[in-house]
Every structure is written in C-alpha cells, then in structure tokens.
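Just below is one structure, and these are the notes that go with it.
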Amino acid sequence: MGSLANGQYQVFMALHLIHEVTSPQAFGMLKDKGLKVAYPGRTFATVDHIIPTDTQARPLADDMAERMLQVLESSTAEHGIEFFAPETGSQGIVHVVGPELGLTQPGMTICCGDSHTATHGAFGCIALGIGTSQVRDVLASQTLAMDPLKVRKININGALKKGVTAKDVILHVIRVLGVNGGVGYAYEYAGSTITNMTMEERMTVCNMSIEGGARCGYINPDETTFDYLSGKERVPTGTEFDAMKARWASFASDEDAHYDDVVDFDASDIEPTVTWGVTPAQAIGVGERIPTADTGSELDQELVTSALDYMKLRADAPIKGTPIQVAFIGSCTNGRLSDFEAVAEVIKGHQVASHVRAIAVPGSEKVDAAARALGLHEVFEAAGFEWRKPGCSMCLAMNPDKLVGDEVCASSSNRNFMGRQGSSTGRTILMSPIMVAAAAVEGAVADAREIFELEAV
Amino acid sequence: MSELSKIAGRGVYVAGNDIDTDRIIPARFLKCVTFDELGPSLFFDERFDANGKSKDHPLDANQHEGASILISDANFGCGSSREHAPQAIQKFGINVVIAESFAEIFHGNCTTLGIPCLQMAAEPRSELARLIESEPGEELMVDLEALQVVYLNQSFPFSMKPSAREAFLAGTFDPLDELLASREAISAVDARLSA
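Sequence lines, in order, name chains A and B.
Read left to right, the first sequence gives residues 0 to 456 (numbering that gives the first Met the number 0).
Read left to right, the second sequence gives residues 0 to 194 (numbering that gives the first Met the number 0).
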C-alpha cells in the first residue's frame, strides 16, 4: 500500500481469520475507539482453542470458556462477520478450516491472531501470525504495519524413506536451523521432496515455520495446489476457476528469484524424528541417543541441562523406549484427513498399550465427517483410541484435554514447551502421527517402521 | 500515546535462552475476555509450584520488587503469538525488555503496546545482569536516542529495530491512526481484489 513514517510498510490483508482466544479483546478495543469493522466480508471466525472435545453441548462446562465463545458469537453477529459455529459442519481449527473451505487461495495476504497462521503459506500465501492489537488494526483498517522480511530458500530434494513423513521433514529442518534460525526471515520451501508432497503434507511443513523462528512459511503454488482447491466450497467453478488458476500460477516465485539465504537438505538424511527436550529444535532421529550437555556456550549447555531436568531424561540414553502415558493425534499440524488415514492404515490389528490414554481429535467437522465416512473412527476405536470432536484439544490445554502431573505425551502437535499441555510438570515428545501410533501401541517411544513392519523403499 | 526516549527503572534478570510465551503466560490464563487481570500471572509456573509455593523466582525476590526493566537472553518471547504475554509483562509493571534477541511476533506486540525491546550483546548484557544482582537498588537509565543504558555510571550499548526506535521517538508506536489515514487507498485495493 505504501510506507509509514517510521519506515514500515502498510500491507493490505486479503483474508483475516479469527478465533475466541486472541480476538474478543480486539472488538473491545474497537469499541473504545468508536470504530467499526471496515471489511467484515474479509474476516471469518471459528472456535477451536477452548472448545471441549468430549461434549460441545451449551453452555460449556467451563464458565470462562462459555463466556469467550459468547463474546465471539455476539461480536461476529454485531459486526456482520461469518462465524463457523459448532454443529454447522464447518467448525474446526482455524488453520484446518481456512484451507478446506477454499478461503485460503494462492497469492493472498492472510493473517490471524495465532502463530500457526504460517500453515496457509503452503498455498503460496504470505500468512502471518499477529497479536491482538494487530487484530484490532486489521478489523479497523484491513491493513498491517510491517517491516520487510528476508527470504531463506530451503531446498529439500529426493525421496523420503518409508515411514518418514512431512512432520519429520520440518522437525529435521528446525533441528538443523534452530528455533531462532529463522528470525527476520520468511522460509520458502522448495525442491522435489516438497513438490511431491500433497497439500496436507505441505501444510504440516509450513505450519511449524514459526517454531524455527521464521515469520512465515511459503511454498510455490502449482498443479497440486490448484487440484486441491478445485471444488472447494468457497472456490468458484467453471471458467471462473480457470481464470483464477491462471492468475494463481502467476504468483509463483521465479526460478531466478533472489534469496537472502539458501539451505539445502537431502531427503534421504531424514529419519523419523522425535523431540527429547523443551523446544522443537531439541530433536533427534528415533534411533539416536539423547544429547549430552558438554558442547557449546555456557547458556547452550544450561539449555540442554535444564531441558533434561524438566523432561527427567538421561543424557546419552536412547530416546527409543522412553515410556509414555498419553498419545495425542490431532492439531493444526497433523489433524487432517490424510493424517488419520495414514494411522488407520498401520494401526489395524494393533492395540494401544493398556497404560496409555490415547485420543484422536479431528481438526474440523469436515475432517471428522470424512473420516467417519471412511470408517476411520472405528479403526481408531478398535485399536483403543478415543475418537473425539474437533478442536485444538491437547495441543495447548485451554480445554479439558490436559496432561496430569508429569505424564509423558507422544504428541503430533507442534510445541513441546514446558507446561504446554496443561500440567506445569507435563512432558511432551513431538513426532509424526504414525510415530504417535507406534508409541501408543508400544507404551513407549518406538520406531513406527519396526512396530508396523513398514518395508524399506 | 506520547514520545518515548528516556525510561528509568530498576532492573531484574531472568536467565535463559528461548523463553517462550507459554512460560511467560501459561495457556490457562488466556481464558479471559480482557487483558486487565494478567499481571499477577506473569511467569506463573516459573514462580510457583503446583501447590502455589514460591520457587524463589527473581521477579519475587525482595530486592527486585518494583523492578520495571526485564533482562533476559536469546530468542525471548518465542512460540505462541499471544499478546497476553506482553500484556502480562506490562500489567506486572515491566516497561522495557532487554535481551540478546527477540521472537518477531512478540517484538511486534511489545512495540505496539509501548514496551521497547532492546537487543544487547552477550558481554554487556551479562555484565549488566551481574551489576544488577550486586547493586539491585539503583535505577537504570534507558536512552533510546543514544542507544545506551546507563547504570552506576557505566554505559551499555544496545541496538533496536530502526522502525521501532523511530516509532517510540515519534510517539507513533501504536500504528492504528496512521493506518486509518489511508482509508481511500485501502478501499481502492479492496475493490481491485474483489473484482
């Protein structure tokens, strides 16, 4: 749009997504200033963080959760914003809902008061997580004040080994580049490994860009993108779609584009990856040993020591065999249909270990319906998983799904921060959905390739 | 919103790299529809155990009571975009954060709220943290114009994102009025994209 007095740029946001945790306060801020929502047709709302996954009957059992939902309902109604409420068939985690409805389209600038907005970059969008004051700015002006970003191209080439998934790819990238390696950057993922991925896999990769410190993730739109969007509820059909497709294709970055940095990865180096510590970069291949705290600066060593203390893990011990008590499959990282399909395929004929509480939480009502249509919920239930209603669930514990005490959770979510899953001493081990399934069956961190006898390529 | 160039206050050092916003404000405290009550919940699980017993966190040390300048290490504020984190920091009474580096969303949230984020290299920062531990009663003077903190007659250089520094010095760190000033241009972009 133009530049501001302090040198920042004013950037128009084509799509604004909101949810109940970071947005209600912004409506209050608007009211204080006597402002209206400028372009209500460009904002869409859903409820995900606080929604229980056992029963969603109203009023919600938690009074404050009920109140947050009510504020979202009344604010969206007052300002003419479309709200994907529970039981409408469209509710779900905000980063699952946007793409599956086709609201997310190539070339868009997208923002949401949620750091995992990076997910939408999988469609060739610039998708930014923002704070509540910025939600206010977007509601009032449909624009944001922004500093320019540098771009790092992350090339990943080659075929992934059997049992290695998109989740392992992004955990590996973060492990190598660090949790703050991306500060000041947008990450553009490219290379044959990425172009061969489905849209849902690309979303998993972009989703965790923020865990690497990057402001957003991006993948060039291509035929895979267009095929995914074709027929989606909010995407035009016929000749209008063809015209859009041509325009979308034009948004792809050029072969000879300039990058501030380029990093290359070989897909064959990537193993099923699990975290051992309290940041997503504290990750190792499932066959490796937990690191020791004898290298790096004093602060680096302190980081390893304090992470091991918190996790109650021993340096130099194998991560495989670490007992778990909870298994969680879901979240905006890995709560889409293909995630549940992949697990259903391997878990048939296996049973969750008797001491493990295992839950599968579809990312949206659409994912739930599609999974049920395929009978996946029965496969999960037969194996000993509970099949829940859609929501953020155990990713962040703002709803009743929480760890108790120092339980260890094998989790397909995105953050293993201290206390993240609702207990101040709870422990999270991040991994792919099939690795969570393997851990659930074994009752301990395990290699899905061994548990499910996946044959090597 | 007024211009901000010099800020005085006592300091407190909270050590650690990669302190994420879940640690700054655990998710259960995000159940609220206003930010007003967040102050006491700042760093809650770092300050108190599951029974509410104090863990002797620096923020609760007698000598740091009333401190308004928080010093930490690298990648401060990473993770969740929750503005609840800087809101809790501000409501607790902290109005400047000094660190090796900041996560970007957190940095942006702080700036809009009027909390300058100062990047200070490891050497001066650890010296400053050491001095604060030994002489906690004295005030630091933060000078955004001169890009230095003065403490006990010693000067500690820092850097800032130029756009943030500019915004504080001009008193435009909350950008909303400026954004709204281009209503017509915004409307033109909306119309073009809607076509």
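Where is the CB? At the ideal position from N, CA and C, for every residue including glycine.
- Looking at the DSSP output, D263 (chain A) sits in a beta bridge with A:N154.
- Residue pairing of V95 (chain B) in beta bridges, as defined by DSSP: B:I68.
- The CB of E122 (chain B) never comes closer than 9 Å to any CB in chain A; the least such distance is about 12 Å.
- Around the beta-carbon of K54 (chain B), fewer than 16 other beta-carbon atoms lie within 10 Å, marking it exposed.
- When secondary structure is reduced to three states using DSSP, M63 (chain A) falls in the helix class.
- Counting along the chain, the unbroken beta strand (DSSP E) around C408 (chain A) starts and ends at V407 to S410.
- Contact with chain B is found for S114 (chain A), since one of that chain's Cβ atoms lies less than 8 Å from the residue's Cβ.
- With 16 or more other CB atoms across the displayed protein chains lying within 10 angstroms of its CB, V10 (chain A) is buried.
- Excluding sequence positions up to five before and after G383 (chain A), its CB lies within less than 7 Å of the CB of Q350, V351 and A357, all in the same chain and listed in chain order.
- Rounded to the nearest angstrom, the gap between the Cα atoms of T427 (chain A) and D338 (chain A) is 19 Å.
- In terms of Cα proximity to E137 (chain B), the closest of B:I68, B:I104 and B:D189 is B:I68.
- Comparing alpha-carbon positions, the option among A:L373, A:A282 and A:M417 lying closest to V172 (chain A) turns out to be A:A282.
- Going by beta carbons, H56 (chain B) and F42 (chain B) fall inside the 8 Å limit.
- If you draw a 10 Å sphere on the C-beta of R246 (chain A), you find fewer than 16 other C-beta atoms in it, and that means exposed.
- Ranking A:E441, A:R41 and A:G284 by CA distance to the CA of H78 (chain A) puts A:R41 first.
- Residue burial is scored here from C-beta neighbours: V403 (chain A) has fewer than 16 other C-beta atoms within 10 angstroms and is therefore classed as exposed.
- G97 (chain A) sits in a helix when the DSSP states are folded into three classes.
- For P25 (chain B), the nearest CB of chain A lies under 8 Å from its own CB, placing it at the interface with that chain.
- Residue contact check for M243 (chain A) against chain B: no CB pair falls below 8 Å.
- Taking a Cβ-Cβ cut-off of 7 Å, the neighbours of N16 (chain B) in chain A comprise L298 and L302, given in sequence order.
- Using a Cβ-Cβ cut-off of 8 Å, S22 (chain A) does not count as an interface residue toward chain B, since no Cβ of chain B sits closer than that to its own.
- The three-state secondary structure of F82 (chain A), taken from DSSP, is strand.
- Here the alpha carbons of V234 (chain A) and D241 (chain A) stand approximately 11 Å from one another.
- A direct Cα-to-Cα measurement between R414 (chain A) and E377 (chain A) gives close to 28 Å.
- In this chain, the beta strand (DSSP E) harbouring F11 (chain A) covers Y8 to F11.
- The shortest CA-to-CA distance from H48 (chain A) to any of A:A13, A:G91 and A:K30 is the one to A:G91.
- Taking each of B:E126, B:L3 and B:T171 in turn and checking the Cα distance to D72 (chain B), the smallest one comes out for B:E126.
- Nearest C-alpha to N5 (chain A) among B:S193, B:A98 and B:A166: B:A166.
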